[in-house]
Structures are given as structure tokens and as C-alpha cells.
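Below you'll find the structure, written out as C-alpha cells, and then a few comments.
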Amino acid sequence: MTFLKEKIMFKKAILIFILAFTGAGFSFGQALYEPCGTTYDMQVEILERTRANKDILRTNPIMERSTVWVPLRFHLVAKNDGTGAVSEQKVYDQVCELNETYAVMDLQFYLKDFNYINNTTMYSDHEGTSFLMQSNRDNAAINIFVVQDAGGIPGQSETLGYFSPNFDWLVMRIDEIGRFKKTLSHEVGHFFSLAHPFLGWEVPNHFDPDDFPTNQVGVNSPQNTPNELQDGSNCDQAADLVCDTPPDYNFGFLWNTCNYTGGAMDPTGTVVDPMEVNIMSYFLDCEPADYTFTQDQSDLIITDLNTQARAYIRPNYTPTHAELTGIPDIISPAYDEAIPAYNVVQLEWTQVEGATHYFIEISRLSSFSTNFWRHKESVYGTSKTLYIDMEPDKNYYWRVRAVNEARTCATFSENGKFRTGTAVAVDQLTQVNDFKILPNPVSSNEDLQFRLNVSEGFEGQISLIDITGKVVRQLPQQFFAEGQNIYTLALNGEAPGVYFVNINSQKGKITRKVVITQ
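Residue numbering for the sequence shown follows the numbering used here, starting at 47 and increasing by one per position.
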């Protein structure tokens, strides 16, 4: 038996052993049996577009171009109770990874708002919910449904993701979304008309030396597609039809390094040298940063994007895409600070240059696990008063991440922590959309400026209150008109410390914290 046969037989034995004792598939960055659920039949359909795009390229080669921006709509599918979905953090990391992968061809992606779907059936068995998925589909973006189970045969195989030519959407397993994950880059390749370079050798028909005693394959693959020759002379008719992707008979599926040395031969007896780092291949043990597309694959992707069938993802829109190099610093509540109430908390953090908004999370757990209660939302600005249901006298963690539509690589802030009080805050003054205090902190001999954006006029009064609840200073009762309102309160040597600014009215109350220094 050759070294190659011994290696693969040993690996199969190990995998069978693991399956016997775990009852589940083992993963080498992708699933054991079906890394990609874009089946052979689906890819035959995709090849019709590949041929059409090659015809376009013959007369209209890709020229120098500016960056093209493509919208993504992530559908975060959870159980009925809202738990279990992929975290937004991992989606941000995944978009960062996707943009780094596709930057070589001046193709970049940007995020539209997350679509949250709480449906246990779709979460665990999405294939029976295509009608519901269709009703959630965004007709102006690439649709990516992230579910617990993307398919496969229970107990035998796992599918980590696939592109459906029929529905024109992508489905991804939760655990394949994140930084250094290439499954989505692979499936987006299918979306843009690329097939596997080993087309016809999909699992379970991957190359096995036991089936080829001389290590030489025949003219056709197990699916009866022509096997590409090492010299590329039949590349226009074989496998993926892409002429700068070398032959690959799915060697990578059971090969555990990034250097194939198995010695398999093409139909002419020439030893095959596959491209291990091709994103559309199945070699799973290369360095994540090394995976790439060939020039012909890149040209086909751009050509497909510019076809009429893909006009719906070309909105002629340039998103905010300034690079984010900073991380927000948490200002308030301070770490371990006790807050008065358990149904309201005021969060504040520092600004990050280039951010259009901030994603905040609150959880009882410092891990912010999606399997338990957590509050999450996007905020425009650097502060937010949240009226949410928390438990009294409990510790909560929170964090914030700066983002814009296209740049999602920045990380979260360090965790903040506060402890809820036992009181219930009064009704929120919903007529105030935004309430800022400047400067904050403020010197005891400076003027405090209050800026309010009001959606509906109301009468009320602004008060400065110390930590004991005593009114220290107060402006006269006045009418707050719809739109922007600016008021000034002169300080007069108040003692340094934490104070609160209240706006009271018959419609409710709103509070902000201010720190007075010497």
C-alpha cells in the first residue's frame, strides 16, 4: 500500500472512531462530509452563468475600475424565545473577513440592518420554511440566512453553508460565521457564478487512492464531467471551466496539510499539482490569509456582478467606509457602579473617528452569550438612556463597538459593569429624542449647556440635583418647542461630585448624569 493510501486509511479510521464516540461530525474548519452544500446539480446550473460570463469576457475584458459596493442582508435566525442566534459580533467579524478576501478585485460589501427572525423551525430545520424565508428576503441585497443547521444527513454529515441558485440566497451555519472563517467567501463565490475546481468529485465521490490502484484517474469524474488535464489543454470543457485553476479531484477533503504530495495523475499520466489555497477548493489546513481567487475567477465574479441578473445588488450607492482604528472607552456607568433603578440605565462612551453608529450589548453574562437574555441595539451618538427590563440588585455587563456600513473590523470596548438598584424609574419623557450636556465633566465655575432635540412640544423644567436628591439649581418652567432647544445654566462653585440633570414635565421625566470638578 502506498504512503498516500496508508495516510488516508488512518485518517478515516480516526474519523470513524470519533464519530462512534461523539455521535457527531468532526470539523477541520469545515464539516466532515459536506463542507459545501452547493451540490453538483446546483453547480451544473451555475455553470450556465459561468459560460455566459466567459463569453462576455472575450469581448469585454475587465478594465481598471473603482471599488464596487455590494449590500448584504444578514437574517439572524433564533428560536421562538429569541435565543441561540449568531451574535452580531461574529457577523461584524465575518464582514471584515469577507472584505479582506474580496479587496483584491476592488469588490467590497456593506451591511444593511440586521433582520431578526425568531422561529425555531427555521432555526433548526430551515429547509421546510422556504415560504417564510422568501417573505423575509431583501430584493436589494445578497441575502444570508444564518441558522443552527444548514443541512446534511443527521448523524452522518454536516453542511456548513450553501448557495441556492433557485432561491438566490445563501444559508450558513452559525458556527461558520466569524473572523478567519472562509466558508462564506466560498459560498459568495458560488453566488457570483464560480463552481468547484474539482466539479464532479463532490463528496462522497472525492478522490480515494483505493479506487485508483495506479493513482491515475480516467477521462471523466465520478459525475461524468471531463477531468481537467494538468497542462490545461481541456480547461474550457472540464470541471469549473476556469483555465487558471489547475486540476483538482477533491484531494483536499481528506488531506490534512496545505501541500498536496499524493502524486495523483490526470488521464494522461501526468502528476497533478492542485492550487491548495484556492477559496473554491476543499483544502482546509492552509493559513486563512493565504486563501485567494485566481485572476480568471476574479474576472468572472466582477463580470457576473455586472450582468442584468445582478442589477438588484448594484444600487449605485457608496456607503460610509472610513477605516475605524479606535475603540470606544466606557464613561458611564463606571465599572462596578451602582445605579438607582432596575428598569433604566444611562450609557455613555467616547467617540470613535469614522463611526456612523455604535452597537451596544447588555447581559448578565460577561460572555454576552446569545443563549441567554441580552439587550442589543444600534445607537447613533455616544450616549443612550435605555428603558429595559432588568432584575433588581443584580450585576450586568455592557460593551460598545464602533461601526459604519462597510468597516466592521474594530473590536468591542472593554466590558463595563454596573449593579441595578431596587427602585423603579418614572416614565420616560418620550418627546425628547436626544439630550446632551456640554461640557461633561464641567468646572464648578463654568456654564452648563443643555441641548435637546424635541419631537413634540411640551412644558417642563430643568433642575440640577445632587446625589442626595436635593435640588441645587433650577431654571424657570418653560415650553420646549419641537426641534432643537439650547439652554444654559450658570454654575456658582458647586462642590465637586456627581450630579443629575432632570427635565420634569407632566408627560414624564428624563435624567442625565453630570460630573462637576474643581
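In this text, a Cβ means the ideal position worked out from N, Cα and C, and glycines have one as well.
**Request:** Please check the pair T166 and N126, which I expect to be a contact at CB under 8 angstroms, by giving their CB distance rounded to whole angstroms.
**Result:** About 5 angstroms separates the two Cβ atoms, so the contact holds.
**Request:** For the segment 143-201, list the beta strand (DSSP E) runs that are entirely contained and at least 3 residues long, ordered along the chain.
**Result:** Counting only runs of 3 or more residues that sit fully inside the segment 143-201, the beta strand (DSSP E) segments are 153-157, 161-164 and 188-193, in chain order.
**Prompt:** Going by the CB atoms, is the gap between V544 and V518 shorter than 7 angstroms?
**Reply:** The answer is no: Cβ separation not under 7 angstroms.
**Request:** Kindly identify the DSSP beta-bridge partner or partners of E383.
**Result:** Beta-bridge pairing links E383 to F464.
**Prompt:** According to the neighbour-count rule (16 or more other Cβ atoms, all chains shown, within 10 Å of its Cβ), is F418 buried or exposed?
**Reply:** Within a 10 Å sphere around the beta-carbon of F418 sit fewer than 16 other beta-carbons, which makes this residue exposed.
**Prompt:** Does DSSP classify T557 as helix, strand or coil?
**Reply:** In this structure, DSSP gives T557 an extended state, which the three-state scheme calls strand.
**Message:** Relative to the C-alpha of P522, which candidate in F405, D152 and L510 has its C-alpha closest?
**Reply:** Nearest C-alpha to P522: L510.
**Message:** Our contact map puts F339 next to W301 with C-beta atoms below 8 angstroms; I'd like the distance itself, whole angstroms only.
**Reply:** The C-beta distance from F339 to W301 rounds to 21 angstroms, too long to fall under 8 angstroms, and the pair is not in contact.
**Prompt:** Straight-line CA distance for D277 to Y358?
**Reply:** Spanning the two alpha carbons is a distance of roughly 39 angstroms.
**Request:** Could you tell me which residues DSSP puts in a beta bridge with Q392?
**Result:** Q392 is bridged to T431.
**Asked** In the DSSP assignment, what are the bridge partners of I325?
**Response** For I325, which the question treats as bridged, DSSP gives no partner whatsoever.
**Request:** Below 8 angstroms on the Cβ atoms is my guess for N479 versus N499; work out the distance and round it to an integer in Å.
**Result:** Your pair N479 and N499 checks out as a contact, with CB atoms roughly 5 angstroms apart and the cut at 8 angstroms.
**Classification of E233 by the beta-carbon crowding that lies within 10 angstroms, buried from 16 upward** = The residue in question, E233, is buried, as its Cβ has 16 or more Cβ neighbours within 10 Å.
**Prompt:** So, helix, strand or coil for G529, using DSSP?
**Reply:** Strand at G529.
**Asked** How far does the alpha helix (DSSP H) with E576 in it reach, from first residue to last?
**Response** With the chain represented from 47 up to 564, any question about residue 576 goes unanswered, as that position is not in the structure.
**Asked** Under 7 angstroms, do W115 and Y156 count as touching if we go by C-beta distance?
**Response** The Cβ-Cβ distance between W115 and Y156 falls below 7 angstroms.
**Request:** Output the boundary residues of the beta strand (DSSP E) element that contains Q507.
**Result:** Start and end: F504 to D512.
**Simplified DSSP assignment, three categories, for I223** = In the structure shown, I223 adopts coil according to DSSP, grouped into three states.
**Message:** I believe S327 touches D350 by the beta-carbon criterion, under 8 angstroms. Please report the beta-carbon distance rounded to the nearest angstrom.
**Reply:** With a Cβ gap of about 19 angstroms, S327 and D350 do not count as contacting.
**Item:** Under the three-state DSSP convention, the category Q76 falls into
**Value:** The predicted position of Q76 is uncertain, since its pLDDT is 39 and thus under 50; no value can be drawn from it.
**Asked** Exposed or buried, D331, counting other C-beta atoms within 10 Å across all chains shown (16 or more means buried)?
**Response** Classification of D331: exposed, given that the 10 Å Cβ count is below 16.
**Item:** Contact the segment 387-395 vs the segment 421-437: 3+ CB pairs below 8 angstroms
**Value:** The answer is yes - the segment 421-437 touches the segment 387-395, with three or more Cβ pairs under 8 angstroms.
**Asked** Helix, strand or coil: which one does DSSP assign to L216?
**Response** Here L216 sits in strand by DSSP.
**Prompt:** By the 10 Å Cβ neighbour count, where 16 or more other Cβ atoms means buried, how is R497 classified, buried or exposed?
**Reply:** R497 comes out exposed.
**Asked** For T85, which of helix, strand or coil comes out of DSSP?
**Response** Here T85 carries a coil assignment [DSSP, helix/strand/coil].
**Request:** Have a look at I188 and Q354 and give me their C-alpha separation to the nearest angstrom.
**Result:** The straight-line gap from Cα to Cα measures roughly 15 angstroms.
**Prompt:** R584 and E369: beta carbons closer than 7 angstroms?
**Reply:** With the chain covering only 47 through 564, there is no way to say anything about residue 584.
**Message:** Relative to the C-alpha of S412, which candidate in A401, S459 and E423 has its C-alpha closest?
**Reply:** In this structure, S459 is the residue among A401, S459 and E423 with its C-alpha nearest to the C-alpha of S412.
**Item:** Cutoff 6 angstroms; reference L346; Cβ partners in own chain excluding five residues on either side
**Value:** Closer than 6 angstroms at the Cβ level, and outside the excluded window around L346, lie N99 and S239.
**Request:** Pull up the distance between the alpha-carbon of Y426 and that of F209, whole angstroms please.
**Result:** Using only the alpha carbons, I get a separation of about 34 angstroms.
**Residue span of the beta strand (DSSP E) that contains D350, given as start and end** = Counting along the chain, D350 falls outside any beta strand (DSSP E), though it belongs to the alpha helix (DSSP H) covering Q341 to L351.
**Cβ shell of E540 (< 7 angstroms), same chain only, five flanking positions each side left out** = Excluding residues within five positions, the ones whose Cβ falls inside 7 angstroms are S490, V518 and I562.
**Asked** Secondary structure at F297, three-state DSSP: helix, strand or coil?
**Response** Helix, per DSSP.
**Item:** Rounded separation between E399 and T371 - CA only
**Value:** The straight-line gap from Cα to Cα measures roughly 8 angstroms.
**Asked** Mind checking whether Y337 and I348 have CB atoms under 7 angstroms apart?
**Response** Not closer than 7 angstroms, so no.
**Request:** Pick helix, strand or coil for A355, following the three-state DSSP scheme.
**Result:** A355 falls in the helix class under three-state DSSP.
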